[in-house]
Amino acid sequence: MLARLEGEERPKVDVLKPRRYIFATSLPLSLANKETIASIFSPYVRDTADVLGREDLNDLLRANPDIERNHYKLWLSSTTVLARILHGAIFGRSVASLQEAQEMVKRYAKTRNHARAEQILASGGVLILTGEPGVGKTTLAEQLCLQSVGEGFQFYKVLDDIKEAESVYSPTELQIFYFDDFLGRNYLEALSGHEGNAIVGFIKRVRRDRTKQFVLTSRTQILNQGKVLIDNFDNEKVDRHEFLLRVDEYENLDKAHILYNHIWHSGLTEEYVEVLYKEKRYRQIITHKNFNPRLISFVTDPARLTDVPPERYWLHVQSSLQDPRNIWAHPFDAQMDVYGRSIVLLTAFNGGPLSESGLRSAYERYVLFVPAGAAGNRDFSVQTRILVGSLLTRTVARNVVTLDLFNPSIGDFLIGRYGQDSAENARCLLALRSKNAVTSFVARSNASSTNNDLAEVLQSVLQSAHEGQFAGFDTGFLSHAANTAEHCRPSAFNVHPDLATYVLSTSHGGFFESELIFLQRCLTSQTVDALKVAHYLEDLLDTGFSDDEIAAYADLARLVDSVAGTDLIGSISEKAVADLTERIDEEVSDEDVLADLEPNSSYDEYGEPEITFSSESATRMIKQYIEERLDELGVEYSLGDVKGIAAAVDLDAQFESLQSSYSHHRDDDGWRDRTGSTSAAEQFDEIDDLFRRS
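Oh and the sequence shown: position 693 is 768 in this note's numbering, straight run, nothing missing.
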């Protein structure tokens, strides 16, 4: 070792030229060893106190127990801990579980979730880990148990019944009990009030005994079912011990550590590793919306790659990320009844969050398609309690409750399974009845369905609505469906006049752009009377418009004017100019209209740079922006309109904002980029550093 230090390490230290160098090794060192090492690294090593051997490191760890605890992976491989794990009579059938946990140590990435879960376990002695399949519940639970074993706890893994834990409970010993998937399918089938209360009773017992720990895992929907069935779960406030694991709460650096550990400790050969390093593909994995620890384990497991040669490995990784069926098929098929699956399916097909009331209405319409006598609980509230936190997420903002998919990969799974099922698509559209659902349907179907297929589904939806005299249907939804069908297949625009009449006569607080486009097509095909459309548009003039709605209104107004001799385009143009005048000052700032305006190169009387701007140049840029905006809206305007709108901009305030952004951003070469933003590449420095291969 000494020869290596002198021949290899000393030159490296000479390059660094540190003010002080401290040498540490896990090997035992005598005083003579320390003196020799100190002389090799002189003058950087000041004396033998800067040379630390195994004994010195152990002394430091004993003096700083928190460091030892925080870096438990360093000592879990010690012979003492291994002997306790492998030879203790307490383990019996549990030895395999801890051996697996021990094997996972190298691949395990200690994220913030570990510290949070550890804190819950330490504070109350009980930890219930919940989350979606594949998020890492079991791995985290086993690592926490392994850590406690290293600290002297005896380990018991409960398999089927909490009575197993009761039978070995010892008031005089440190014990940790582990119940994986404690409300899983087999147990839930036999669950009764008495047995459920026994679990709650054991939790209370452990909570009172500081020599005990109890770690449980459960898929969230299963735990929620248990809460519905077991009153004591609520009465005893068991949820105080819950910790919900979510993939979307992992930071990119956490994900990087998970991937890195699996790459280098799973047994992948260099050929496969090189594939993931090529062009920094590891970044694509880390930032993928379907990133999941279980998927990472899946794609880095050499045993699963026997039929995947290196040249096809990247395609295998990409397809695995894009197709998450291996994660979601079992909980969707085996852990939910037809009613629970209906709610998740509707949420996925909507393509975005739904209000709770909107999803309830869609669900009540959808279950009319469910065969009579289907097994399961039909109650919407019960089903959402079970699903929230597992397959759905619930958000409350401004007293509005919305529900969405817990993870985007659930949608990928369901769309992959049902995307080409025309009957299922039609049922979901008839139940959801939202414009967003139509847009989502077309977006997810374009890659796998023909335009004829899409048009036929939409036409069947419109036909069903017509047969029910459009009762309960939103005009925006129907219009968008008709427009989309015609876009997919022009010959599909065969709308019954009753639908046009329904759109024109239905009273509503606002309107969709799609209604105006629909009426324009109806007018072109002479399905509707122009004067009726003119009256409809006149009634809408006092309504607040979005930009897209103004553009659609202007297109329809021109067509109506040419047929009915009205001047609706003049009215909407006047309104558009007034609306833009009111908000132009804010738009100029928000849209960075003056972002490219260069400051004048001038200096004050003291020779300091003076930041000023040309009003003429600024006004020219603002007018150009206004003309582009009015052209986008499709309305008619004059140069006077443009000048009037531009005059509403407070140039002094705009210049003051620009001056502030330019402050302290000047160098000898001119004005620097004043955004102060960090590029995506810079944000990934820590990740690239982690994956750097020396």
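Where a beta carbon is used, it is the ideal one built from N, C-alpha and C, also for glycine. No experiment lies behind these values; they were computed from the predicted model shown.
Candidates the options: closest to residue i by CA position
i      : options                        : result
Arg387 : Arg191, Ala409, Gln410, Glu346 : Glu346
Gly199 : Ile701, Arg315, Glu241         : Arg315
Asp479 : Ser465, Ile115, Leu136         : Ser465
Glu81  : Thr100, Phe481, Thr111, Leu106 : Thr111
Glu761 : Ala113, Leu328, Tyr231         : Leu328
Asp131 : Ser101, Ile115, Asn108, Ser114 : Ser101
Leu714 : Glu702, Asp725, Val724, Ala723 : Glu702
Arg369 : Ser535, His337, Glu531, Ile418 : His337
Lys92  : Glu542, Tyr119, Pro483, Lys238 : Tyr119
Val442 : Glu499, Leu258, Asp660         : Glu499
Gln601 : Tyr577, Pro572, Asp614         : Pro572
Ile333 : Thr344, Ile361, Ile485         : Ile361
Exposure label - residue i; buried when at least 16 CB within 10 Å
i      : result
Arg94  : exposed
Gln222 : buried
Glu41  : Any question about residue 41 goes unanswered here, given that the chain covers just 76 to 769.
Asp716 : buried
Gly415 : buried
Gln288 : buried
Asp487 : buried
Pro246 : exposed
Phe407 : buried
Asp748 : Residue placement at Asp748 cannot be trusted, given a pLDDT of 40 that sits under 50; what the coordinates show is reported in the next sentence. By the neighbour-count rule (16 or more Cβ atoms within 10 Å), Asp748 is not buried but exposed.
Ile625 : buried
Arg502 : buried
Asn133 : exposed
Lys364 : exposed
Ala192 : buried
Ser515 : buried
Gly547 : exposed
Gly209 : buried
Ala164 : Reliability of the predicted coordinates at Ala164 is poor, the pLDDT of 35 falling under 50, and the value obtained from them is presented with this limitation in mind. With fewer than 16 other Cβ atoms within 10 Å, it is exposed.
Gln397 : exposed
Gln544 : exposed
Val532 : buried
Asp189 : Note that residue 189 is His in the sequence shown, not Asp. So His189 ends up on the buried side.
Pair within 9 Å by beta-carbon distance, residue i and residue j
i      : j      : result
Thr694 : Ala721 : yes
Glu226 : Arg321 : no
Phe277 : Lys330 : no
Gly451 : Asp496 : no
Ser372 : Arg182 : yes
Leu467 : Phe455 : no
Ile592 : Asp630 : yes
Thr550 : Thr599 : no
Glu561 : Arg508 : no
Leu24  : Ser539 : Look at the range of the chain in this structure, 76 to 769, and you will see that residue 24 is not part of it.
Ala575 : Val536 : no
Phe424 : Tyr357 : no
Ala35  : Val608 : Shown here, the chain extends from 76 to 769; a query on residue 35 therefore has no answer.
Phe228 : Leu249 : yes
Pro399 : Ile485 : yes
Thr292 : Ala216 : yes
Bridge partners - residue i, DSSP secondary structure assignment
i      : result
Thr233 : It should be noted that the sequence gives Val, not Thr, for residue 233. The partner list for Val233 (beta bridge, DSSP) reads Phe254.
Phe318 : Leu204
Thr470 : Thr477
Arg294 : Gly206
Phe289 : Val201, Phe252
Asn675 : Thr687
Leu127 : Ala99
Neighbourhood of residue i by C-beta distance below 6 Å, restricted to the same chain and skipping five residues each side
i      : result
Val513 : His555, Ala556, Thr559
Ala756 : Residue placement at Ala756 is flagged as unreliable, the pLDDT there being 46, under the threshold of 50; the coordinate-derived value follows with that caveat. No residues qualify anywhere along the chain.
Lys185 : none
Leu434 : Leu478
Ile490 : Arg519
Glu239 : Val233
Beta-carbon contacts of residue i that lie in its chain and below 7 Å, excluding the five residues immediately before and after
i      : result
Ile195 : Leu202, His316, Phe318
Tyr712 : Ser648, Val652, Leu705
Val668 : Met696, Ile697, Tyr700
Asp236 : none
Arg282 : Gly199, Gly200, Val201
Ser692 : Leu672
Val517 : Leu529, Thr559
Pro385 : Glu346, Tyr347, Val350
Thr422 : Leu429, Leu434, Leu467, Leu478, Asp479, Leu480
Cutoff 8 Å; reference residue i; Cβ partners in own chain excluding five residues on either side
i      : result
Val475 : Ser430
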